[in-house]
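Trainee: The structure under discussion is supplied below as structure tokens; questions concerning it will follow.
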Amino acid sequence: MDVFRNPDLVTEGTAELGAEIDLAAEPGRSDLHDPSQRRRVEQQVTSIPGVLAVRLVPGFDREVDELHVVTSPERGPKATVRDVQTVLLARCGVNIDHRVISVVQLDERQLLPAAGRVRLLQVATVQSGKGLSAEVTLTFDDEEARGSAEGAATSAGYVRSVARATLAAFNELIATDLTLELRDAAIVTVGGQELAVAVIELRDGRGEELRSGTALVKEPAADAIARSVLAALNRTVETGGG
8 MDVFRNPDLV
18 TEGTAELGAE
28 IDLAAEPGRS
38 DLHDPSQRRR
48 VEQQVTSIPG
58 VLAVRLVPGF
68 DREVDELHVV
78 TSPERGPKAT
88 VRDVQTVLLA
98 RCGVNIDHRV
108 ISVVQLDERQ
118 LLPAAGRVRL
128 LQVATVQSGK
138 GLSAEVTLTF
148 DDEEARGSAE
158 GAATSAGYVR
168 SVARATLAAF
178 NELIATDLTL
188 ELRDAAIVTV
198 GGQELAVAVI
208 ELRDGRGEEL
218 RSGTALVKEP
228 AADAIARSVL
238 AALNRTVETG
248 GG
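Numbering (our numbering), first residue to last: 8 to 249.
See the structure below:
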């Protein structure tokens with residue numbers, strides 16, 4: 008196997024592209040208007056060290072109209088652009104103009120800025136005997152994704168099933184190397200008002216962090232539960248000496 012490591016991808020203060028690229032195999036062409044193939048391409052980009060999230064917008068006059076990349080602070084934007092071009096060409100057969108790639112570096116107080124554009128479309132729950140299933144539909148730009156989860160037909164099982172289904176749908180929409188896991192979800196009463204609360208654990212190679220989100224139960228409880236999960240993923244918190 009011929010392994011390619013592009014020396015141009017190494018810049019001062021950054022690590023070389025960690026993923027080995029097999030150039031001996033002919034890369035397959037990707038239909039980027041197919042959501043499943045587009046997601047596969049996005050996942051290839053998230054394998055690049057320092058890349059946290061990716062959003063690809065396919066074109067008609069060219070393969071890619073826009074490619075939005077979110078990175079951690081330790082890798083420079085120019086190095087990231089070169090890495091992205093190399094990976095897409097070698098692994099996916101996609102030749103992309105560097106001018107369509109936008110790179111946003113997260114600071115320590117931000118998390119998944121793309122999450123702010125994820126919207127809740129629908130929540131459906133079905134009870135069958137002692138079990139319950141939940142399906143959540145989210146939208147991001149012009150795409151939709153559904154996530155599902157099952158649990159016990161209890162109050163706690165209802166809340167957790169909807170929360171897990173929301174996470175599953177979010178993972179379908181947003182390509183990220185973060186592991187998102189539901190730590191807990193509940194409906195509590197504060198000052199006479201019901202409040203949906205979700206606690207999400209985020210893990211990556213650097214460690215783990217907890218994020219929480221809330222939503223007032225002014226609507227069906229299931230909708231508030233799903234919105235509390237999205238609030239946790241989009242929350243900005245103070246860290247350090249901020």
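By construction, the Cβ of each residue, glycine as well, lies at the ideal position given by its N, Cα and C atoms.
1. Alpha carbon to alpha carbon, what distance is there between V52 and R69?
2. Compare the beta carbon distance of V107 and D72 with 8 Å and say whether it is the shorter of the two.
3. Spell out whether any CB of chain B is found under 8 Å from the CB atom of G66.
4. Can you tell me the Cα-Cα spacing of D230 and A156, whole angstroms?
5. Measure the CB-CB distance between D184 and L59 and report whether it falls below 8 Å.
6. Considering just the uninterrupted stretch of the beta strand (DSSP E) at T132, what are its terminal residues?
7. Within the continuous beta strand (DSSP E) that includes P65, where are the two ends?
8. Just mark F67 as buried or exposed, buried being the case when its beta carbon has 16 or more other beta carbons within 10 Å.
9. Rounded to whole angstroms, what is the Cα-Cα separation between R62 and A182?
10. Can you grab the Cα-Cα spacing for the pair T144 / T78, in whole Å?
11. Tell me where the alpha helix (DSSP H) around V169 begins and ends.
12. Quick check: the Cα distance between V88 and S140, rounded to an integer number of angstroms?
13. Can you give the Cα-Cα distance for R47 and Q200, rounded to whole angstroms?
14. Distance check for G136 and T221, CA to CA, integer angstroms please.
15. Please return the same chain residues whose Cβ sits closer than 6 Å to the Cβ of D188, not counting the five positions on each side in sequence.
16. Is R210 buried or exposed, if buried means 16 or more other CB atoms sit within 10 Å of its CB?
17. What whole-angstrom Cβ distance do L240 and R218 have, given they're in contact under 8 Å?
18. Is S162 buried or exposed, if buried means 16 or more other CB atoms sit within 10 Å of its CB?
19. Determine the extent of the alpha helix (DSSP H) in which D148 is found, giving its start and end residues.
20. Kindly indicate which three-state DSSP category L96 falls into: helix, strand or coil?
21. Going by beta carbon distance, what residues of the same chain come within less than 6 Å of T186, once the five residues before and after it are set aside?
22. For V77, report the span of its alpha helix (DSSP H) as first-last.
23. Compute the Euclidean distance between the alpha carbons of I179 and V197, then round it to the nearest angstrom.
24. Can you check DSSP and say which residues form a bridge with E208?
25. Find the nearest neighbour of R213 within the set P65, P80 and Q92, judged by alpha-carbon distance.
Mentor: With the given structure in hand:
1. 19 Å
2. yes
3. Although the question refers to chain B, the structure presented lacks it and comprises just one protein chain.
4. For D230 and A156, the distance between alpha carbons rounds to 15 Å.
5. yes
6. V125 to S135
7. In the DSSP annotation of this structure, the continuous segment of the beta strand (DSSP E) that includes P65 starts and ends at V58 to P65.
8. exposed
9. Rounded to the nearest angstrom, the gap between the Cα atoms of R62 and A182 is 7 Å.
10. If you take the alpha carbons of T144 and T78, they lie about 27 Å apart.
11. S162 to L180
12. C-alpha separation (whole angstroms): 42 Å.
13. 43 Å
14. A straight line joining the alpha-carbon of T221 with that of G136 spans about 30 Å.
15. Note that residue 188 is Glu in the sequence shown here, rather than Asp. Around E188: E208.
16. Exposed.
17. For L240 against R218, the beta-carbon gap comes to about 7 Å, under 8 Å, which counts as contact.
18. exposed
19. That residue, D148, is in no alpha helix (DSSP H); it is neither H nor E in DSSP.
20. helix
21. R210
22. Per DSSP, V77 belongs to no alpha helix (DSSP H); it is in the beta strand (DSSP E), V71 to T78.
23. For the record, residue 179 in the displayed sequence is Glu; it is not Ile. Near 33 Å, if we compare the C-alpha coordinates of V197 and E179.
24. E188 and L217
25. For R213, the nearest C-alpha among the options comes from P80.
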